[in-house]
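J.: Residue 1 is where the sequence shown starts when you use full-length UniProt numbering, and the numbers rise one by one after that.
Glycine is no exception: its CB is placed at the ideal position from the N, C-alpha and C atoms.
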Amino acid sequence: MDEAGPSSRGRRRRRELANDDDEATAERRRAPNSVSTKKKSDAGKKSGKKGSKKSSDVKKPAVSSIKAAPKRKDNLVQCLNNSLLRDGSSDQQLGKLKRQLLAREVLGFTLPTLPMPEFNESARVTCIQWHPTRPNLLAVGSKNGEIVLWNAWDTKKTAHTPPTGSGSAVAAIKFHPDTATQVYTATLLSKVMLQNFEGGDPQVFWDTESERVWFTSLDILHERKMLLAGDNMGCVYAFNTTGELMWPEPVRFHKGKVKYMEFVGQGSDLLITASVDHTVRIWDVRKLGGVKDFLIELPHTQGENSAFVSPSDRTSLLTTDQKNELRVYRGPAWREPLIIPHPHRQFQHLTPIQASWHPMENLIVVGRYPDKNFCANDTVRGIDLFDGITGESLGKVEGSLNITGICSLAAFSCTGEILATGTGFHSMILQAVVEE
1 MDEAGPSSRG RRRRRELAND DDEATAERRR APNSVSTKKK SDAGKKSGKK
51 GSKKSSDVKK PAVSSIKAAP KRKDNLVQCL NNSLLRDGSS DQQLGKLKRQ
101 LLAREVLGFT LPTLPMPEFN ESARVTCIQW HPTRPNLLAV GSKNGEIVLW
151 NAWDTKKTAH TPPTGSGSAV AAIKFHPDTA TQVYTATLLS KVMLQNFEGG
201 DPQVFWDTES ERVWFTSLDI LHERKMLLAG DNMGCVYAFN TTGELMWPEP
251 VRFHKGKVKY MEFVGQGSDL LITASVDHTV RIWDVRKLGG VKDFLIELPH
301 TQGENSAFVS PSDRTSLLTT DQKNELRVYR GPAWREPLII PHPHRQFQHL
351 TPIQASWHPM ENLIVVGRYP DKNFCANDTV RGIDLFDGIT GESLGKVEGS
401 LNITGICSLA AFSCTGEILA TGTGFHSMIL QAVVEE
């Protein structure tokens, strides 16, 4: 035991020294990673997970290697919409900005150099009507019963119906739903007709055969294949699109002349009528029996020339009286209208002035007949532009200032790219300047 004791202790001592050397070497190898290991450990404590050497060795991807989704290019209206939504702005503010942008374009409309619609027989313009879906087709009616079909895309393709003589003015025009070369007309010749620009005799739906009764307004509801025509005695006649009577007798709608009628959009059974008896009325064509069967009556202080429903929202109604007042009613209440003072008084040898809507936004165009007795005495003629929501005057259409006469009628094409106006014996076209 004594001889073996020193030898055993020596071997144990050498093993201890060897173990110390191994631990020192391992410690030196861990030294470079000690800082990152500490950070991993601290991060692990915060997240509730322990860090490990394996996780510390995993490389993170570089930022430059992550590809962001490409940005979508928005148009101006979308940019405005997104900006206003971020700012917590309302739909009303967005709508106002859209109207202001569109108004800037309309105010810049000028007279182009292309040929204008002209009658074969000189006469006063009494009616203008754009095709509801073809923005290039315009029909213009005259006091002599002539109608010209004007093609904005090819002015050489202008077509005419023959004049029918003095006292046969065209009061209203509506295009045939399927054939663009045919139009329904209401005339002071006491007839409702289907006329064809390709020739042939017109198809007469009804002839009062009286010099005391003539037709003054007309509209068509395609879904029901119903054509309604109003006369100067306040009565309305109903036909189908082939000319057959739908009502055995005309129905009395007003006490005076039915100056204008319009369905509240296709697919609707609501009908708007405006009369010289100082009223505008809303009807349901499914429930008609007499003069008191209207749904809503809107009394006015003057006779009414027109009552246009806004194409952009179908809930705004624009009325034009025969003196100095435009009104905008809002559905479904149709009360407390927005009143816009504007001079457009009636005159015997002047086609009655009618205000109308822009098809895309609630903007109003109307010709001015200056009046020295009007409170805001603006002696400059032309076409005025108004905001249909606020009633604010936005200015005059630039090109209309070069027209010497009074612009009695003003109407946009279905896309709003062209503005047609009837002034005296001429019809004029206004549009944006085309950049080459």
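1. Just how far apart, CA to CA, sit T133 and T315?
2. Residue range of the alpha helix (DSSP H) that G95 falls in?
3. Which residue from D384, H342, T423, L419 puts its Cα closest to that of T404?
4. Whether or not the segment 276 to 294 and the segment 341 to 353 are in contact is what I'm after, with contact meaning three or more pairs of Cβ atoms, one per stretch, closer than 8 Å; do they touch?
5. Can you give me the C-alpha to C-alpha distance between G230 and L97, rounded to a whole angstrom?
6. Where P163 and E336 are concerned, what is the direct C-alpha to C-alpha distance, given to the nearest angstrom?
7. Answer yes if the segment 116 to 135 comes into contact with the segment 164 to 171, meaning at least three C-beta pairs across the two stretches below 8 Å, and no otherwise.
8. Apart from the five residues on each side of it in sequence, which residues of its chain come closer than 6 Å, Cβ to Cβ, to F412?
9. Going straight from the alpha carbon of N232 to that of Y260, what length do you get?
10. Would you decide whether I339 is buried or exposed? Buried here means 16 or more other CB atoms lie within 10 Å of its CB.
11. Grouping DSSP H, G and I as helix and E and B as strand, with all else coil, what is N324?
12. Is L194 close to chain D? Criterion is C-beta to C-beta, closer than 9 Å.
13. If you check the beta carbons only, do A333 and S306 fall under 9 Å apart?
14. Quick check on W247: buried or exposed, where buried means 16 or more other Cβ atoms within 10 Å of its Cβ?
15. Do you know how far the Cα of L271 is from the Cα of L295?
16. Near L114, which residues of its chain fall below 6 Å by C-beta distance, leaving aside the five closest residues on each side in sequence?
17. With H, G and I counted as helix, E and B as strand and the rest as coil, what does DSSP make of G395?
18. Any chance the CB of Q195 is under 8 Å from a heavy atom of the ligand NAD?
19. Tell me, please, which residues DSSP counts as bridged to residue 437.
20. Beta carbon of V183, beta carbon of F205: below 9 Å?
21. From the DSSP output, in three-state form, read off K259 for me.
22. Assuming S142 contacts F119 under a Cβ cut-off of 8 Å, what Cβ separation, rounded to an integer in Å, is found between them?
23. I'd like to check one pair, C414 with I383: are the Cβ atoms closer than 9 Å?
24. What is the DSSP secondary structure of L111, reduced to helix, strand or coil?
25. My assumption, with CB atoms under 8 Å, is that K225 sits in contact with T241. Please give the rounded CB distance.
26. State the DSSP-derived secondary structure class of K53, mapped to helix, strand or coil.
27. Can you check DSSP and say which residues form a bridge with V183?
28. Taking the Cβ atom as the reference point for each residue, do G95 and E361 lie within a distance shorter than 9 Å?
29. Please tell me whether L363 and S400 are closer than 9 Å, where the distance is taken between their beta carbons.
30. According to DSSP, simplified to helix, strand and coil, what is L189?
31. Mapping DSSP to helix, strand and coil, what is S210?
32. Cα-Cα, which of N144, H222, V251 is closest to T179?
33. Can you have a look at Q93 and say buried or exposed, based on whether 16 or more other CB atoms are within 10 angstroms of its CB?
34. Just to confirm, are P202 and T185 a CB contact at a threshold of 9 Å?
35. Report yes if the CB atom of E297 is closer than 9 Å to the CB atom of Q322, and no otherwise.
T.: Taking the coordinates as given:
1. For the purposes of this step, residue 133 is taken as the residue at position 133 of the sequence shown. For the purposes of this step, residue 315 is taken as the residue at position 315 of the sequence shown. Computed Cα separation, rounded: 21 Å.
2. Here residue 95 corresponds to residue number 95 of the sequence shown, with the count starting at 1. Taken as a continuous stretch (DSSP letters only), the alpha helix (DSSP H) holding G95 covers 91 to 107.
3. Within the sequence shown, the letter at position 404 stands for residue 404. Looking at the Cα atoms, T423 is the closest of the given residues.
4. The way I'd put it, the segment 341 to 353 doesn't touch the segment 276 to 294; fewer than three beta-carbon pairs between them come closer than 8 Å.
5. Start at 1 with the first residue of the sequence shown, and residue 230 comes out as number 230. Start at 1 with the first residue of the sequence shown, and residue 97 comes out as number 97. A direct Cα-to-Cα measurement between G230 and L97 gives close to 39 Å.
6. Locating residue 163 in the sequence shown gives position 163, where the first residue counts as 1. Locating residue 336 in the sequence shown gives position 336, where the first residue counts as 1. Computed Cα separation, rounded: 44 Å.
7. In short, these stretches touch, since the Cβ pair count reaches three.
8. Counting from 1 along the sequence shown, the entry for residue 412 is found at position 412. In the same chain as F412, and ignoring 5 residues on each side of it, the C-beta atoms closer than 6 Å to its own belong to H358, P359, L419, in chain order.
9. In the sequence shown, the residue the question calls residue 232 occupies position 232. In the sequence shown, the residue the question calls residue 260 occupies position 260. Rounded to whole angstroms, the gap between the alpha carbons of N232 and Y260 is 11 Å.
10. Here residue 339 corresponds to residue number 339 of the sequence shown, with the count starting at 1. Result: exposed.
11. Here residue 324 is taken as the residue at index 324 of the sequence shown, counted from 1. Secondary structure of N324 (DSSP, three-state): coil.
12. Note that chain D does not occur in the displayed structure, where there is just one protein chain.
13. By one-based count along the sequence shown, residue 333 stands at place 333. By one-based count along the sequence shown, residue 306 stands at place 306. No, they are not a contact pair.
14. Translated into positions along the sequence shown, residue 247 becomes position 247. Under a 10 Å Cβ-count criterion, W247 is classified as exposed, with fewer than 16 other Cβ atoms of the shown protein chains found around its own Cβ.
15. Within the sequence shown, numbered from 1, the residue matching residue 295 stands at position 295. Within the sequence shown, numbered from 1, the residue matching residue 271 stands at position 271. In a straight line, the C-alpha of L295 is about 10 Å away from that of L271.
16. Position 114 of the sequence shown, counted from the start, is the residue given in the question as residue 114. For L114, where only same-chain residues beyond five positions count, the Cβ hits under 6 Å are T155.
17. The residue labelled residue 395 in the question sits at position 395 within the sequence shown. DSSP places G395 in strand when its eight states are reduced to three.
18. For the structure depicted, the ligand NAD is absent and the ligand set is empty, with no information on it obtainable.
19. The first residue shown for the chain is 1 and the last is 436, placing residue 437 beyond what the model contains.
20. Against the sequence shown, residue 183 aligns to sequence position 183. Against the sequence shown, residue 205 aligns to sequence position 205. Result no, Cβ atoms of V183 and F205 do not sit closer than 9 Å.
21. In the sequence shown, the residue the question calls residue 259 occupies position 259. DSSP places K259 within a strand segment (E or B) once states are collapsed to three.
22. Here residue 142 refers to the residue found at position 142 when the sequence shown is read from its first residue. Here residue 119 refers to the residue found at position 119 when the sequence shown is read from its first residue. Yes, S142 and F119 are in contact; Cβ-Cβ is about 5 Å, under 8 Å.
23. Sequence index remark: in the sequence shown, residue 383 carries index 383 (1-based). Sequence index remark: in the sequence shown, residue 414 carries index 414 (1-based). For I383 and C414, no; Cβs fall outside 9 Å.
24. As a first step, residue 111 must be located in the sequence shown, where it is residue number 111. In the structure shown, L111 sits in coil (DSSP, three-state: anything other than H, G, I, E or B).
25. To locate residue 225, count along the sequence shown from 1; it is residue 225. To locate residue 241, count along the sequence shown from 1; it is residue 241. 5 Å between Cβ atoms; contact.
26. Here the question's residue 53 lines up with position 53 in the sequence shown. Residue placement at K53 is flagged as unreliable, the pLDDT there being 44, under the threshold of 50; the coordinate-derived value follows with that caveat. Helix at K53.
27. Taking the sequence shown and counting its residues from 1, the one referred to as residue 183 is at position 183. DSSP lists F175, Q195 as partners of V183.
28. For this step, residue 95 is matched to residue 95 along the sequence shown. For this step, residue 361 is matched to residue 361 along the sequence shown. It is a contact, given that the beta carbons lie within the stated cut-off.
29. On the sequence shown, position 363 is the one that residue 363 refers to. On the sequence shown, position 400 is the one that residue 400 refers to. Cβ atoms of L363 and S400: not closer than 9 Å.
30. Translated into the one-based positions of the sequence shown, residue 189 becomes position 189. Note: L189 maps to coil in three-state DSSP.
31. As a first step, residue 210 must be located in the sequence shown, where it is residue number 210. When secondary structure is reduced to three states using DSSP, S210 falls in the coil class, being assigned neither helix nor strand.
32. Walking along the sequence shown from the start, residue 179 turns up at place 179. With respect to the C-alpha of T179, the residue from N144, H222, V251 having the closest C-alpha is H222.
33. Position 93 of the sequence shown, counted from the first residue, corresponds to residue 93. Around the beta carbon of Q93, fewer than 16 other beta carbons lie within 10 angstroms, which makes this residue exposed.
34. Translated into positions along the sequence shown, residue 202 becomes position 202. Translated into positions along the sequence shown, residue 185 becomes position 185. With a cutoff of 9 Å on beta-carbon distance, P202 and T185 are scored as near each other.
35. As a first step, residue 297 must be located in the sequence shown, where it is residue number 297. As a first step, residue 322 must be located in the sequence shown, where it is residue number 322. Here E297 is not near Q322, since their CB atoms are 9 Å or more apart.
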